[in-house]
Structure formats: C-alpha cells, structure tokens
Amino acid sequence: MAILETYNLKKIYGSGENEVHALDGVSLKVEQGEFVSVVGTSGSGKSTLLHMLGGLDRPDDGDVFVDGKDIFSLGDEALTIFRRRKIGFVFQNYNLVPSLNVYENIVLPVQLDGREPDRKYIDSIIETLGLTEKLDNLPNNLSGGQQQRVAIARALAAKPAIILADEPTGNLDSKTSQDVMGLLKITSERFSQTIVMITHNEEIAQMADRIIRIEDGKIVSGK
Amino acid sequence: MRINNRKCVSRVSIKNLFTSKTKCIVSVIAIALTTILFTSLFTILMTIAKGFEESNFRQVGTYSHAEFKRLTKEQYDELRVDEDILEYGLRRVAGITTGEAFAKSYAEVSYMDKNTAKWGYCTPETGTLPKENTNEATVDTKVLSCLGIEPEIGKSFTLTMDIDGIIVTEDFVLSGWWEYDEAAPASHVLIPESRLEELFTKYNVQFNEVFTGKYGLNVMLKSDHNIEEQMIEILERHGFADGENSENAISIGVNWGYMGENLAESLDFGSVAIIAVILLFIIFTGYLIIYNIFRISVANDIRHYGMLKTIGTTQTQIKSMVQTQTLILSTIGIPIGLIVGWVTGSVLCPVVMSELNVYNSSASVSPWIFVFSAVFAWITVMISCFRPAKTAGKVSPVEALRYTEQASGFSNRSGKKGVSLFGMAAARLTGSKGKTVLVVASLALSIVTFTLTFILANSFDMEKYISDRIQTDFLVADSQYFAYRWNDENAISLEENEFLRYMDGVTDSFVTYGMPSLYYPETYFSEEAVREIFAEYGDEKEFIDGYISRNLEPDGTIAQSVQLLGLEGTAFSKLKVYEGDISKLSESGYIAVEKNDYFKLGDKLTFVYCDKWEYINTQTGAVYTAFESIPLNEYEFIETNEESHEVVYEVAAVVEVPYTFGYRFSLGGSMPLFITSSEDLFAQSEYCKPLYIAFDTTDEVEAEMEKFLADYTETNTLSYTSRATEEASFESFKRMFVILGAALSIIVGLIGILNFINTMITSINSRQREIAALQAMGMTGKQLCTMLIWEGIIYIGGSAIVALLLNLITIPLGNLIEEIFWFCDYSFTIVPLIATIPVFAVIGTVIPVIAYKSLTKKSIVERLRESD
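Sequence order for the protein chains is A and B.
Under the working numbering, think of the first position of the first sequence as 1, with each following residue one higher.
Under the working numbering, think of the first position of the second sequence as 1001, with each following residue one higher.
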C-alpha cells in the first residue's frame, strides 16, 4: 500500500518571462517502510517537492495523498494538525528549540498534540539514537551531529506515517554524515518508518532503498 | 602606522544601522523618552531657579546688574558711554509722597527712562510712561488705592510730596499704571524729567538730601558674574574710585539678586540628594531600555560582526561602529526629546510653581536646560552602549557563527516531563535571563512609580495637614505676618480685632500678642546652650568664642533675646502640653516654654524687659531717644538699652507650639519660644502688639465668613487663612504631587512598554526559523499565539510581582516617608497596583498577537529558508 502518493504536482513561481516551473507535473508513489532519497541539483525543485509532500506549501495543481488522505483538501489549521500526527520533519539546520532540553525537544510534537508520550517507544528511540546521556542538555551544548540525532528522534516521536528529511547531513562533516545516515537507515528498518530524504549528495543518496532524480521540476528517474 | 579608515567604518555602520528599521525607530523613541525625562526635570528646576531669581529681583526692585549712585550730570554722561556697559538707564529721584493718604506707606517720586522703568518692573500695563513737558504721571496700583482714585487715563489728581525736606502739593494727570507687586521694596510715582527740573526750580531746592535730583545710572554689563569687579574697573578707567569718602568717589550698588541667595546656594543637602536620586532614577530607566535595545541588536547582528572580523575589521573598529550608530540615533532622538521635554516641563511648571513661595514666572528657556539634558541623555546612552559595543568588538569570528542568545547558558535543565505551552514560554524567558530581567525591571519601575504616587497621595492626611497649619476656623493678620515679616508696624489693629471678634456667628476668638524684635526680652542661657544654638545656626567657632568672651556674665551665663508670645482665652487649649500645668499661666510669675534642650519644668528664669532705647551716632556721638528723631542723612548708630526691668518666672509647662501659631519666623538654631499670658505681656511691655486674631464660627456662617474675609482683605493690608484655604492648599499640593507623579509614571511607563514591545518583537523576529519549524512540526496558529501570549503574561506578571515586592519594602519605610511628608499617614494599599494590571494585561496580550500576525505574513517555507 502506498503511504504517500502525488499526482501531477505543479508549482509555478513568478509570471511572464520570469515564470519558473519549480514543479512541472510530478507524480510519485512511496510504499510503507520505504527509505527514498530525492536527488537533484540546486534549483531542480527537490525542496519544493518536499514542502508539498509535507503540506508546508500548496501546489498550483495536483494532489498529495498521505496515508490515503488528500492533504490539500484540509484547511490550514486542520492541515497543521494532520502534519503533527502524520509527518515528521528533519531539517538541514536541525531547528531545535534552544530553550528546551533534549528530552523536551523530542516529545514536543506529541505534547503539542495533547497526547502523553509513549515512554517505552520514546526510550527505545533515545537508545537507538544514542542520546540517553544527553537528555538534560540544551541544544547549544550539543555537537551538530548530536543535534541532528535529536531532530531525528523528535521526528520519530509522534510515530508519523512519513518522515521528510531536508538535506539532513548538509551541515555535517562526512564522518558525522555517515553516522547520521546509518541511524536514519536503522530507524527506518527498526521502526518500519517511511522516510523521504532530499539531498544533493550522491554518496548519501546511495544509502536509501530507492533514488528519485529530479531535474527542472520533473522526475527523470526512479519513479 | 595610521590608516585613515574612519569613513569606511562609519559607512559600514550606517549601512548596517538602516537594515533594521524597527531598531532605529525604537532606539530613537527610547533616547527621546529618556531625554524628555531629563529635559522636563531641568526645565522645572531652572524655572524654579528663575522664579527664585525673579523673586529676588522683585525684592531688589530691579533686574539691572548694578547702579552708579548719586552721579552729577557730567559723571553720568562720561560713564554711560563706557564700552563695558551694554545698556544703561537713568533714574532721578525728586522725593517721596507724604500726607495722610500715605500715612501707612509712602511712594517714591522720580523720573525713570524707559530702560530703568522696564528693569524696575515699572512699565505701565495700561497707558504709557509720562511724556516730557507735560504734567503726566504714571503710578502703581498701590498709589492709586492710597489716593483713592479710579484707574482712568487722563484723570487728574493731587499729590503731597516731600522734596528735599520741602512739603509741596502738585497736580498731575494719570498717563498709565501697573499692578503693584507685594514683594516690591517701594511704591512709585513716575514723572517726566522736565517736571522734575521744574519742581526743583519752582521750590528753589537746595539739594540738602544726598539723593535729591542726582543721576542714578542703572547698567547692564556684559556678564552677570563678578558685577562688583566690573563696576570698579569701569570707575577706575574713568579716574574714579569706589566708595563715599574721597573726592573722586562714586558709590555703586550691585544687584544682590545676581549674587545673593540664588537657588544653587539655598539648596540644602536634602534637595540636592532628591535631585541626585531623580537623576539616577532617570539614568537607570533609560539604561534599562537603551542597553536592552543594543544588547538585542548586537546579539542579532553578531554574525554580521563576526563576518566583519573575518575580513579583518579590528575590535576597535567594530566598537566604534556600534558607537557611530548610537551617535546617529542620539542626534535624532536627543533633539526630539529636548523639544518634547521642554514642552512637557513648561506645562508642569505652573503646577509646581504655585506650590513654592517664589515668583511665578513663565517656563525658563535657559540654554543650560538643553545643555544639561543633552549631556545627561548622552551619558545615559554611552553607559548603555558600553557593554554591547564591547561584546560586538570581542566576538570571535568562529563563535559568531554558532552564537545564539542561549550560548551563554551552559547550565542544562533536567526534566523528563516535557513541557506545556506555558512551560515553553517560561523556558524561553528563563533561558534569556538578561533580557527578561531588563524588561521586567523596566515595567516594574513604571508600576512602582505609579503605585507609589497614588499610595502616597492617598496617605496624605488632610486633618494632619490642617491641624498643624491652623488651629481655628479662621486666622486674620496683616499680610506681612503671613510673609514671615511681622513687626509692630504691621500689627493688626485693636479696632480690627474688636470688629472681627463681634461679627455674627463667631463662637470663640482669641488674639495672640507678640513683640517687635527690637524689644524682645532677654533671658540667661548657659554657655553650652549658646554654643550649641549658635553652631546650629551656622556660626563659625571663632565667632562664637569671640561672642562668648565679650558677653559672658560673671555667673557663667549669657543673656539672649528670646521670642515671647502672649496668649489669652482658649489659645492655651490649642497647645500640646508635654509636662506641667498650663493653667498656672493665669497667675503671674509663671511662664511656659517650647520643648527644648536648655530649660525644663520648674526652672526659675530671669527675663529682662527693655523699656527704653537710646540711639548713639558712632561718628558724632550724638544721642537720640527716639528712632524717628534720627536725621535721615545719619546712618551709623548703635542702640543701647537705656532702661529695663527684670521679672523672674517659673517654668510651669513644657509645650509644643505649632509653627503657624507663633511669629512664623524664629531666631534661628534651636532657640526656644516662650509663652506667657497676654495680661502679663501687657504688664511688662508697652510694645507688645497683636500678631493675629483667630476665631471659630458656627458651621452655618463659615462659608459666608470665608466670602466676607476674601472681599474684606482685598480692601486693606490684612490677609487671612482658614480651614477652607488650608484645605484648598492641601488639595493643591496633593494635585501637584499626583500630576508630577502621573507624568513621571506615564513617561516611565512608555519606556517600560516600549522596552517590552521591542523585546517581544525582536525576540519573535529572531526566532522566525525556530517558530516556522515548530509550525512545520504541527504547532497550530492558536498554540503558537497562546505560547507567545504566555511570554507576554509572564513579563507582565513578573513585573507586577516585582512591583508588589518593591511596594512592600516601602511599608517599613513608612516612618521615613512620614518624616519627609509630615502630613502623611502612610497607609499601604495594593489598589493602584491592581488598577494597572488590566492595562498591562491588554498590552501583554495584544503585542504578542500583533507580532504573531506580522510573523505569519511570510509563509512557513519562506521563513524556513531564511538562513538568518
């Protein structure tokens, strides 16, 4: 069963001569538990695609179905609530809340939803990501790799249908990048977590189950 | 090596400055508000100083710098053209008014030119100065009322004058008049110079009096400092000497208003301390916001400074960039503050001036107001920017990239419970303690200013105030009594007393008697007591030693003049008796004394009453038995006690005498006041005179009596106070206090709110990406708004708690406050604090919502993309 499906996604920026087709009819399918990477050069439209998949930006045409739900049929507030239940984000620059400690950052999406975190599950994520010793730390006292691991834990915490990772290793050195990618891969397998990751780094992309290439707003391979 | 890079540095700082519009606007407003506080304060202070000076000038009778006195025409013509004299004016005295109309007070008849009249406050408000070759005269309203003529241009009147000892009566035509000022030393009749000459010729005046017809040259010099030296210099340049005795001597009169008791000298330690505290308060208030603005802005721009450092900008250059920015912001903010502050100050001035015993002049426009205010505002800005500039300069290029505001907090926070929206808000604020403390302090300061104003105003006890100021419903005396200048010449007459005493509705009345200072009785003090009293009065030790060695009696005591009051009837019951029995004073041989350190209950005191004075001319040795018989041209004489008698009293009671119950002036130091019965005073001295009459009325006639006295005292030299006038004066003082306090609270409040707004908005702006990420993760708009509102509420709530604590601190200080405001009955209340909460709560919720709205104008994606 496809946990994520898009049909003919289009996004056009500007008009007339300056018109840019950021997405030009993108259709793709991602199965439950799959780890997919989207590769493309800068300006290829991969980030726009990720924002569409996560419901952060609305397309000019086309639909996105997450877990069978047409997400753009939802209003803004409903979409936000849908997002916190079904989608986890991992950003290039981590975007942790600096005033909250590691544990608080991790459980934040669950608590925003008014739920109690599943302690056993959270503990297993923390253990998997090697954060047990760091729970009381504030983000600024962590290294980049550690911060990204917290961000991954946070994305996992709400048991989302899908994790969207936007250049998760973009700010990390190659050794740390490998570590983080290893962890993403492990979580994908251990928690049967669907992950869509965008990157411009071929080497990183190779670690995914499937690679989708995108150029000038169109998928050129890996659909 | 010296590299000229100033231009580059200032260009970069200017470019950087204008990238943040909000910061510019907020800083300019903050600097302007701080300047407003300084300027209003200095405007009020300088206006009070001006009022003091003006009062002095009014007492001197002119604001010209000085006068060359009694010149001949030739001397006058020679001196007036001196290069050091900026402006000059002429005055020539003909004589003084006399006759029945001027029995109580005389007026000087003289010629004044336009300048002298202007400087001497003799410019007619209606009509003109008298024109030459006419029989016109311009007078003040006191002359009009003495003559009993209606003010009407062209009205003829006759005047009896003493011109050089010759009594003459002449006709005049009224050409103008001005309002007589109670403070003025003399009343005036101005006549043209032609008429003056005509009178001298007509009556063949021999110029026996030193001043008759002489030329008085009033001058304005280049500066009002060292007036005496400048005058002597002018005299010497023309071959004259200062003085009276030699051939070439010209006497000069320096306007003591310029050097005498001006505000700066009359300031006591308490007033200076209060002003210093207010200045520090303003600096602190300004510091809280300006420092916060720059701290935040440097923190937000830290990557920019790091980048500058990377490309080779030095620490000094970055520091000077921050300073250039503050300089630019100050050049805009300070002038705005100066203008608005002066306007604010001049609006508040009348409120303050009406409470002070000084001439109520218009707001001062002294350049010093603006100089002082600008300097203090600049100092505040410099202090506030010192640390942010240092932080910016010291930034390491590497760390700058990692720098966020929390970077300083290495302390981790344990807790595995997760957080609520409130928790997130609280964590945010405790994470950036510095900022939070500054905003909370800033807001708390305004709440405290406001609440203290109202707690104090509310604590002002009218009964306490009035009971100390007046002991009866009404008190009538000569206006000089209320001006602290009572003497036997202006005692209220016995007829007046009888008239008032038997008016309808008067239930109880008493007259209090005093003695003219010349006839104060003497009594014997111990040497220690005299030393203590003199020292307290401010005399130097050498002077006291000399005085004591000259006056010590063989038994080790020293006779001192003391003030003595004669009371009658119910007056005794108005005194607070500490010990003894006041009723004994109805018998002879008993006296009461104000509570003091030198005399106690049961002491036997010898009083020496003077019965007759003699006046001896120290130059000629001539002896005069009456003051009136001393010729006008003799100045140097001493008084000696020719006849006296002694009375021995026993101190029957130690009492407290309210200030407004006695002479209203004291002999200085801790010299005690004595009380005897009016019968005894009459028996001992024929010179005792009524100080005032005090009386109560029935409630029904009280308002009517008030109105009657108001009209009645308009027609004579009497004046009065009453329960109603004291109530009004209490209310007026309270109003001044409330208005000043409210004005201060409003400005400090604006600063606090601005600080809050700036912090809130900049903090939300600097978290754009963080907030976008939260939204991406599924924080709804409502949750986000709630979190931001919680931040606002914590600021406000924190401020309210701090303000409450600060207010609570004042409770133990209640006694001190009651000492400063003696009519204050300190009662703490949190009502004003509660009253401020809705206002601040609205601000605390509205600002975050506005910030949220402006934030969400940009889409989440846009904000996520922003790399700071």
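Glycine included, every Cβ here is placed at the ideal spot set by N, Cα and C.
Could you spell out the range, first to last residue, of the beta strand (DSSP E) harbouring residue i?
i: E1170 of chain B; result: I1166 to W1178
i: G1253 of chain B; result: I1252 to V1254
i: H21 of chain A; result: V20 to E31
i: T1160 of chain B; result: S1156 to I1163
i: M197 of chain A; result: T194 to T199
i: D166 of chain A; result: I162 to D166
i: R1070 of chain B; result: A1066 to L1071
How far does the alpha helix (DSSP H) with residue i in it reach, from first residue to last?
i: I1328 of chain B; result: Q1315 to M1353
i: Q111 of chain A; result: V102 to L112
i: N140 of chain A; result: Where N140 of chain A is concerned, there is no enclosing alpha helix (DSSP H), given that its DSSP letter is neither H nor E.
i: E1228 of chain B; result: I1227 to R1237
i: D1545 of chain B; result: K1541 to N1551
i: F1294 of chain B; result: F1269 to N1300
i: I1149 of chain B; result: Note, I1149 of chain B: premise wrong, no alpha helix (DSSP H); not H, not E.
i: H51 of chain A; result: K46 to L53
i: I1739 of chain B; result: R1723 to S1766
i: T1449 of chain B; result: K1433 to S1459
i: T1697 of chain B; result: No alpha helix (DSSP H) contains T1697 of chain B, which is instead part of the beta strand (DSSP E) from K1689 to T1697.
i: I126 of chain A; result: R119 to T128
Please list the partners that residue i has in chain B, where partner means a Cβ-to-Cβ separation under 9 Å.
i: S15 of chain A; result: Ordered by position in chain B, no residue passes the 9 Å Cβ test against S15 of chain A, which lies about 18 Å from the chain.
i: N95 of chain A; result: R1769, E1770, A1772, A1773, L1774, A1776, M1777 and L1864
i: I81 of chain A; result: G1778 and T1780
i: E77 of chain A; result: T1780, G1781 and K1782
As a quick exercise: from the options, pick the residue whose alpha carbon is nearest that of residue i.
i: R1723 of chain B; options: B:F1733, B:T1116, B:F1695 and B:G1741; result: B:F1695
i: A1249 of chain B; options: B:L1235, B:G1257 and B:A1703; result: B:L1235
i: T1326 of chain B; options: B:Q1783, B:I1014 and B:L1199; result: B:I1014
i: Q1059 of chain B; options: B:I1834, B:A1483 and B:T1640; result: B:A1483
i: Y1291 of chain B; options: B:L1338, B:I1031 and B:F1269; result: B:I1031
i: S1361 of chain B; options: B:N1596, B:F1052, B:N1135 and B:A1186; result: B:F1052
i: H1645 of chain B; options: B:D1077, B:N1617 and B:K1612; result: B:K1612
i: D1597 of chain B; options: B:I1638, B:L1575 and B:M1671; result: B:M1671
i: G1061 of chain B; options: B:E1100, B:P1185, B:T1043 and B:D1171; result: B:P1185
i: L1159 of chain B; options: B:P1192, B:F1102 and B:Q1315; result: B:F1102
i: L999 of chain B; options: B:S1297, B:T1380 and B:A1742; result: Given that chain B is displayed from residue 1001 to residue 1868, the structure contains no residue 999 of chain B and the question cannot be resolved.
i: Q206 of chain A; options: A:V150, A:V36 and A:G170; result: A:V36
i: F1370 of chain B; options: B:L1833, B:T1039 and B:E1866; result: B:T1039
i: S1251 of chain B; options: B:M1231, B:G1257 and B:G1270; result: B:M1231
i: I1036 of chain B; options: B:L1129, B:I1860 and B:A1374; result: B:A1374
Along chain B, in chain order, which residues have C-beta atoms closer than 7 Å to that of residue i?
i: R84 of chain A; result: M1777 and G1778
i: L100 of chain A; result: V1419, M1424 and A1427
i: F191 of chain A; result: Going along chain B, no residue has its Cβ under 7 Å from F191 of chain A, so there is no contact; the nearest lies around 18 Å.
Residue i versus chain A: which residues are under 7 Å apart at the beta carbon?
i: A1377 of chain B; result: By Cβ distance, chain A contributes nothing, its closest Cβ being about 35 Å from A1377 of chain B, past 7 Å.
i: Q1783 of chain B; result: L112
How would you list, in chain order, the residues of chain A whose beta-carbon sits under 8 Å from the beta-carbon of residue i?
i: G1312 of chain B; result: Residues of chain A passing the Cβ test: none, with the nearest at roughly 26 Å.
Is the closest heavy atom of the ligand FAD to the C-beta of residue i under 8 Å?
i: E1639 of chain B; result: Here there are no bound small molecules, and the ligand FAD is not part of this structure.
Practice task
Using a Cβ-Cβ cut-off of less than 9 Å, give me the residues of the segment 1852-1863 of chain B that come near chain A, in sequence order.
Solution key: Per Cβ criterion, the list reads S1859, I1860 and V1861.
Exercise for the section: Could you name the residues of the segment 102-118 of chain A whose beta carbon sits closer than 8 Å to any beta carbon of chain B, in the order they occur along the chain? Expected result: Here the close residues are Y103, E104, V107, L108, P109, V110, Q111, L112, D113 and P117.
Exercise for the section: Please list the residues of the segment 1338-1364 of chain B that have a C-beta atom closer than 8 Å to any C-beta atom in chain A, keeping them in chain order. Expected result: Residues passing the 8 Å Cβ filter: none.
Exercise for the section: Determine which residues of the segment 48-72 of chain A have a Cβ less than 8 Å from any Cβ of chain B, and write them out in chain order. Expected result: Listed in sequence order: H51, G54, L56 and D57.
Problem - Inside the segment 1478-1525 of chain B only - beta strand (DSSP E) runs reaching at least 3 residues - result: You should have 1506-1514.
Practice task
Can you give me, in chain order, the residues of the segment 10-37 of chain A that have a beta carbon less than 7 Å from any beta carbon in chain B?
Solution key: Nothing from the segment 10-37 of chain A brings a Cβ to less than 7 Å from some Cβ of chain B.
Exercise for the section: Report the residue ranges of all alpha helix (DSSP H) runs contained in full by the segment 1029-1063 of chain B; include only those spanning at least 4 residues, in chain order. Expected result: Within the segment 1029-1063 of chain B, no complete alpha helix (DSSP H) run reaches 4 residues.
Exercise for the section: Could you tell me which uninterrupted beta strand (DSSP E) segments, each at least 3 residues in length, are contained entirely in the segment 1558-1604 of chain B, listed from first to last along the chain? Expected result: Runs of the beta strand (DSSP E) inside the segment 1558-1604 of chain B: 1563-1567, 1576-1580 and 1590-1594.
Handout entry: Residues of the segment 127-139 of chain A whose Cβ lies closer than 7 Å to any Cβ of chain B, in chain order
Key = The segment 127-139 of chain A vs chain B, Cβ under 7 Å: L135, D136, N137 and L138.
Practice task
Could you run through the segment 1428-1459 of chain B and flag, in chain order, every residue whose CB is less than 7 Å away from some CB of chain A?
Solution key: Taking 7 Å as the Cβ-Cβ cut-off against chain A, the residues of the segment 1428-1459 of chain B that qualify are R1428 and G1431.
Handout entry: Secondary structure, beta strand (DSSP E): runs of 3+ residues fully inside the segment 1637-1684 of chain B
Key = Within the segment 1637-1684 of chain B, complete beta strand (DSSP E) segments of at least 3 residues are found at 1637-1656 and 1673-1677, given in chain order.
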